[in-house]
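Below is one structure, written out as structure tokens; comments come after it.
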Amino acid sequence: MLAESIRTLSSDRIVVLGDFNLHYPLWKGRLVQKTLRNNYRQRVEEASASPSGLWNLVKWAKNRHNASAAYTPPLVKQDRGLTQEPGEKAETLRQTFFPPPLQADLSDIDRYAYPLPIECPDITIPEIEKAVRRSSPNKAPGPDGIINSILHQTLDILLPSLHTLFNAYLQHGYCPTHFKDTITVVLRKPGKDDYTQPKAYRPITLLNTLGKAIETIIANRLSYLADVHHLLPSRHTGGRKLTSTEHAMHLLLQRIHQAWSEGKVATLLLLDVSGAYDNVSPERLLHNLRKRAIDRRIIAWITSFLCDRTTTLKLLEFTAPSTPIQTSIPQGSPVSPILYLFYNADLIEGCKTEDTEAVGYIDDVSTLAVGPTAQRNCKTLKKIHRKAEQWAVKHGSQFAPAKYELVHFTRDPKKNTETGRGETGTPAQRRNEQSPLERFSSTLESKHGLRLERLEKRIPHVVPPWWILPPVCIDKSAEEAVKEHDAREPGTLRIYTDRSGINGYVGAAAVTPIS
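Below, the structure is given as structure tokens:
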């Protein structure tokens, strides 16, 4: 019996082991697949928690099938030959990325009567701290090798020295030479068929870390002056606070729907400027800044910032020596977008007429013509394009007609809108078309009884970048607050309200200096 039981157990064990060995690969594959799927979903959920993580996920999804290159293939030169040596490749890319700028017609600059400049005070410590703290801590450094996170940790120690240093730069109109030295990393543009063409590569500029801090301060000051003193066209979006591509789209949509309500056709012309930043004329840019009353010290610093720039071209397999470049506005600089807004502001203003609407987003310009027919709009846009070509001659810029886009917006493409009559000869009926913003306003008024014209408009108060927040002191009781105010500000009038407490403390509703 014992022997038979042993033989039975052995046979059962053999059967079990046989089943296990047969199904183990299938079980293992399912377990690995399930684990990978759960880990992927967890990473997607974590990345979706923040906008930056979500965009990183999109970037990964676009490039996950692209094999990373180990070296730069031979490139086609201007004489149609192929480069073989790394130095030749770097020189070919340098000529492509930084071509000689076009000459601008500066004949109208002589004897120009400039307005009085708007003076700005010295750079403050809060400006420096805000510019440094808001920078991403993990950005790749430039030639100085200083990571932003190191600057964040040592900022309390460096602030007094940076305050003195930056004000000296502004006072003397000086941008240090090492601030103008950059590293240009060459990356492939995804989805290109032929990587032997230099145009299939994109330059990424790495700037000096301390240089980006003062560039951010100058950019903030230019943005403040432009917004408060209305130095730029109101429909010039991008590179400014409280503006985005959505604003530009809503401006165009509202005008298109208005044209439809009037029984008209809207035609949109999208212009494209070739190498916008690279073809900026420094003399014309400085003229535009003076024409719009920018502070003399800022203009002097920008003059030094634009000249004598150098870069080090870095390929996958080779790093070229530092060479001078003739580019005007450097790519990637915090001050570059707002500088270009001042550069092409005349183009936006020139494209705006009674029959056209012009909307800009940094270097992109959209001109919308409204008329009875599409043919009439095209004639109007031809006149506007002649003005744009005159602007290009004066600013040393060049348009790329091959990249233009022309779009007609009409409710009835078959209708003869030129005569205003349909195919039956009856007058065309006008429809009360509404833009998305107008439709939203109508919904609020009809369903919720909100009359938008009766609502109080809240206009944001713009404070200058150099504004320093006054000290705040909150006491436990009104009596202690009175004593504190008498000791600190004896010449002020205090007004206290009931229940103006903050976390158990009593705050003053108003403190008015007595003049």
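Numbers 1 to 515, taken from the UniProt record's numbering, label the letters of the sequence shown in order. Glycine included, each C-beta is placed from N, C-alpha and C at the ideal position. If you're wondering where the values come from, they're calculated on a predicted model, not measured in any experiment.
Where does residue i sit, in a helix, a strand or coil, going by DSSP?
i, result
"alanine 357", "Strictly speaking, residue 357 in this sequence is glutamate, with alanine absent from that position. Note: glutamate 357 maps to strand in three-state DSSP."
"arginine 202", "strand"
"serine 52", "helix"
"lysine 476", "coil"
"lysine 62", "helix"
"phenylalanine 409", "strand"
"leucine 170", "helix"
"histidine 152", "helix"
"leucine 268", "strand"
"alanine 113", "coil"
"threonine 72", "coil"
"alanine 374", "helix"
"threonine 237", "strand"
"arginine 386", "helix"
"alanine 369", "strand"
"tyrosine 404", "coil"
"valine 197", "Checking the displayed sequence, the identity of residue 197 turns out to be glutamine instead of valine. Three-state result, glutamine 197: coil."
"glycine 142", "coil"
"glycine 332", "coil"
"valine 280", "coil"
"residue 548", "Residue 548 lies beyond the stretch modelled for the chain, which goes from 1 to 515, so this question has no answer here."
"leucine 102", "coil"
"proline 470", "coil"
"leucine 242", "coil"
"glycine 29", "helix"
"leucine 231", "coil"
"valine 463", "coil"
"lysine 379", "helix"
"isoleucine 338", "helix"
"serine 107", "coil"
"alanine 293", "coil"
"serine 161", "helix"
"lysine 192", "coil"
"aspartate 486", "helix"
Look at the Cβ atom of residue i, then the Cβ atom of residue j, and state whether they are nearer than 7 Å.
i, j, result
"proline 137", "histidine 152", "yes"
"isoleucine 348", "valine 280", "no"
"arginine 297", "leucine 165", "no"
"lysine 403", "aspartate 272", "yes"
"proline 464", "tyrosine 195", "no"
"arginine 235", "leucine 251", "yes"
"glutamine 177", "threonine 311", "According to the sequence displayed, residue 177 carries threonine and not glutamine. Contact flag unset, no."
"proline 334", "lysine 212", "yes"
"threonine 237", "tyrosine 361", "yes"
"arginine 94", "lysine 180", "no"
"alanine 374", "threonine 267", "yes"
"isoleucine 338", "alanine 219", "yes"
"threonine 367", "threonine 356", "yes"
"cysteine 175", "phenylalanine 305", "yes"
"leucine 242", "arginine 292", "no"
"phenylalanine 98", "isoleucine 256", "no"
"proline 86", "glutamate 317", "yes"
"leucine 270", "glutamate 127", "no"
"glutamine 390", "threonine 205", "no"
"valine 228", "valine 462", "yes"
"aspartate 144", "asparagine 63", "no"
"aspartate 363", "alanine 276", "yes"
Tell me where the alpha helix (DSSP H) around residue i begins and ends.
i, result
"leucine 306", "296 to 306"
"leucine 316", "Run containing leucine 316: none; DSSP gives neither H nor E here."
"glutamate 85", "Counting along the chain, glutamate 85 falls outside any alpha helix (DSSP H), and DSSP gives it neither H nor E."
"asparagine 220", "209 to 228"
"residue 517", "Missing from the structure shown is residue 517; the chain here goes from 1 to 515 and no further."
"leucine 347", "345 to 351"
"alanine 131", "125 to 133"
If I follow the unbroken beta strand (DSSP E) through residue i, where does it start and stop?
i, result
"isoleucine 183", "181 to 188"
Give me whichever residues DSSP pairs with residue i in a beta bridge.
i, result
"aspartate 364", "Tyr361"
"proline 324", "Thr310"
"histidine 287", "Answer by DSSP bridge pairing: none, since histidine 287 is not bridged."
"valine 273", "Phe399"
Say yes only if the C-beta of residue i is nearer than 6 Å to one or more non-hydrogen atoms of the ligand FMN, and no if none qualify.
i, result
"proline 176", "Among the ligands in the structure shown, none appear at all, so the ligand FMN cannot be discussed."
Compare the C-beta of residue i with all C-beta atoms of chain B and state if any pair is closer than 7 Å.
i, result
"alanine 90", "Checking the listed chains, one finds no chain B in this structure; it contains a single protein chain."
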